[in-house]
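Asker: First, the structure itself, so that you have it in front of you.
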Amino acid sequence: EDQVTQSPEALRLQEGESSSLNCSYTVSGLRGLFWYRQDPGKGPEFLFTLYSAGEEKEKERLKATLTKKESFLHITAPKPEDSATYLCAVRTFGNEKLTFGTGTRLTIIP
Amino acid sequence: DVKVTQSSRYLVKRTGEKVFLECVQDMDHENMFWYRQDPGLGLRLIYFSYDVKMKEKGDIPEGYSVSREKKERFSLILESASTNQTSMYLCASSLSGYNQPQHFGDGTRLSIL
Chain R
1 EDQVTQSPEA LRLQEGESSS LNCSYTVSGL RGLFWYRQDP GKGPEFLFTL YSAGEEKEKE
61 RLKATLTKKE SFLHITAPKP EDSATYLCAV RTFGNEKLTF GTGTRLTIIP
Chain H
1001 DVKVTQSSRY LVKRTGEKVF LECVQDMDHE NMFWYRQDPG LGLRLIYFSY DVKMKEKGDI
1061 PEGYSVSREK KERFSLILES ASTNQTSMYL CASSLSGYNQ PQHFGDGTRL SIL
């Protein structure tokens, strides 16, 4: 059974304080790892897809990286508007489904 | 931009009622999905559909059914609502293909009293 674990569950940072969120996975054959951002009362918003170990993607203050067992979402000099819950999900071979982690709730304090 | 629209943001129903949740997407996506989201459990897949009139069970299909009569519309049906079905329900759609992300609506918060 595919498993996705995110840590920490919650993270509070001062504005400008860089950090990383972790997504570790156990799957039979990774076809893609997806990062989403979810604001309160909204649906998840797609951020990145990563396909193979060593791949990196960037968007503004966010950078996602992938190894064979985990992915990191690095947040550089965050701002209060980066506060949200960040979700990761995996897709495996022959499967249209995504398996989601439970998310990291990030709070950036001004 | 992809637009996935869920018919209600908030819904309150009674135990035993038949409940319909509607979802419409405007991007001609082949795939559509229904999830529920609960604190500490994350998003769990209820049903999905990869074509009109086609459906596949997800991880927690019990107590639910779905209907897809048109490509743009995917309905979730609670046959006889129970209190343990109180949750946030999220609909998503995507193109076919392993590299295609799912795009989500803003959810329906359903309360069963």
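In order, the protein sequence lines correspond to chains R and H.
Take our numbering: the final residue in the first sequence is number 110, and no numbers are missing along the way.
Take our numbering: the final residue in the second sequence is number 1113, and no numbers are missing along the way.
In this text, a Cβ means the ideal position worked out from N, Cα and C, and glycines have one as well.
Closer than 7 Å, Cβ to Cβ, to anything on chain R: give me those residues from the segment 1083-1094 of chain H, in chain order.
Answerer: L1090
Asker: Does the beta carbon of S1075 (chain H) sit closer than 9 Å to a beta carbon anywhere in chain R?
Answerer: What you label residue 1075 (chain H) is simply residue 75 of the second sequence in a count that begins at 1. No, because no Cβ of chain R sits closer than 9 Å to the Cβ of S1075 (chain H).
Asker: Output the boundary residues of the beta strand (DSSP E) element that contains M1032 (chain H).
Answerer: Locating residue 1032 (chain H) in the second sequence gives position 32, counting from the first residue. It spans 1031-1038 - the beta strand (DSSP E) in which M1032 (chain H) sits, taken as one unbroken run.
Asker: Is the shortest distance between the beta-carbon of F72 (chain R) and the beta-carbons of chain H less than 9 Å?
Answerer: By one-based count along the first sequence, residue 72 (chain R) stands at place 72. So no, F72 (chain R) is outside the interface.
Asker: Just to confirm, are E96 (chain R) and N1084 (chain H) a CB contact at a threshold of 9 Å?
Answerer: Within the first sequence, numbered from 1, the residue matching residue 96 (chain R) stands at position 96. Within the second sequence, numbered from 1, the residue matching residue 1084 (chain H) stands at position 84. Not closer than 9 Å, so no.
Asker: Taking the alpha-carbon positions, what's the S52 (chain R) to K1013 (chain H) distance?
Answerer: For the purposes of this step, residue 52 (chain R) is taken as residue 52 along the first sequence, with counting starting at 1. For the purposes of this step, residue 1013 (chain H) is taken as residue 13 along the second sequence, with counting starting at 1. Whole-angstrom Cα-Cα distance: 45 Å.
Asker: Which residues in chain H sit within 9 Å of L11 (chain R), going by Cβ to Cβ distance?
Answerer: As a working note, residue 11 (chain R) is residue 11 in the first sequence. Here the premise fails: no neighbours, minimum Cβ distance about 17 Å.
Asker: Tell me the start and end of each unbroken beta strand (DSSP E) in the segment 22-77 of chain R that is at least 3 residues and wholly inside, in chain order.
Answerer: 30-38, 45-50, 56-59, 62-66, 70-75
Asker: What residues are listed by DSSP as bridge partners for T5 (chain R)?
Answerer: Residue numbering aside, residue 5 (chain R) sits at position 5 when the first sequence is read from its first letter. T5 (chain R) is bridged to R:S24.
Asker: Taking 9 Å as the CB-CB limit, is S1101 (chain H) close to chain R?
Answerer: Translated into the one-based positions of the second sequence, residue 1101 (chain H) becomes position 101. The question names Ser, but residue 1101 (chain H) in the sequence shown is Pro. Yes, P1101 (chain H) lies at the interface with chain R (some Cβ there is under 9 Å from its Cβ).
Asker: Evaluate L1041 (chain H) with the Cβ neighbour count: other Cβ atoms within 10 Å of its Cβ, from every protein chain shown; 16 or more gives buried, anything less gives exposed.
Answerer: Here residue 1041 (chain H) corresponds to residue number 41 of the second sequence, with the count starting at 1. It is exposed - the Cβ of L1041 (chain H) has fewer than 16 other Cβ atoms within 10 Å.
Asker: Classify T1015 (chain H) as helix, strand or coil using the three-state DSSP reduction.
Answerer: Residue numbering aside, residue 1015 (chain H) sits at position 15 when the second sequence is read from its first letter. In the structure shown, T1015 (chain H) sits in coil (DSSP, three-state: anything other than H, G, I, E or B).
Asker: Please list, in chain order, all residues of the same chain as F1048 (chain H) whose beta carbon is under 8 Å from its beta carbon, the five residues on each side excluded.
Answerer: By one-based count along the second sequence, residue 1048 (chain H) stands at place 48. Contacts found: N1031, M1032, F1033, W1034, K1055, E1056, G1058.
Asker: Using CA coordinates, which residue listed in H:Y1089, H:E1062, H:K1071, H:R1073 is at the minimum distance from S1008 (chain H)?
Answerer: Residue mapping note: residue 1008 (chain H) aligns to position 8 of the second sequence, counting from 1. For S1008 (chain H), the nearest C-alpha among the options comes from H:Y1089.
Asker: Using three-state DSSP, classify Q1085 (chain H) as helix, strand or coil.
Answerer: Sequence index remark: in the second sequence, residue 1085 (chain H) carries index 85 (1-based). DSSP places Q1085 (chain H) in helix when its eight states are reduced to three.
Asker: Tell me which residues share the same chain as T1108 (chain H) and place their Cβ nearer than 7 Å to its Cβ, disregarding the 5 neighbours each side in the sequence.
Answerer: As a working note, residue 1108 (chain H) is residue 108 in the second sequence. Same-chain partners within the cutoff: Q1006, S1008, R1009, L1011, L1021, Y1089.
Asker: What is the C-beta distance between V90 (chain R) and L21 (chain R), in whole angstroms, given that I count them as a contact (C-beta under 8 Å)?
Answerer: The residue you call residue 90 (chain R) lines up with position 90 of the first sequence. The residue you call residue 21 (chain R) lines up with position 21 of the first sequence. The pair is not a contact, with the Cβ atoms about 15 Å apart (cut-off 8 Å).
Asker: Within 10 angstroms of its Cβ, does I109 (chain R) collect 16 or more other Cβ (buried), or is it exposed?
Answerer: Residue numbering aside, residue 109 (chain R) sits at position 109 when the first sequence is read from its first letter. Classification of I109 (chain R): exposed, given that the 10 Å Cβ count is below 16.
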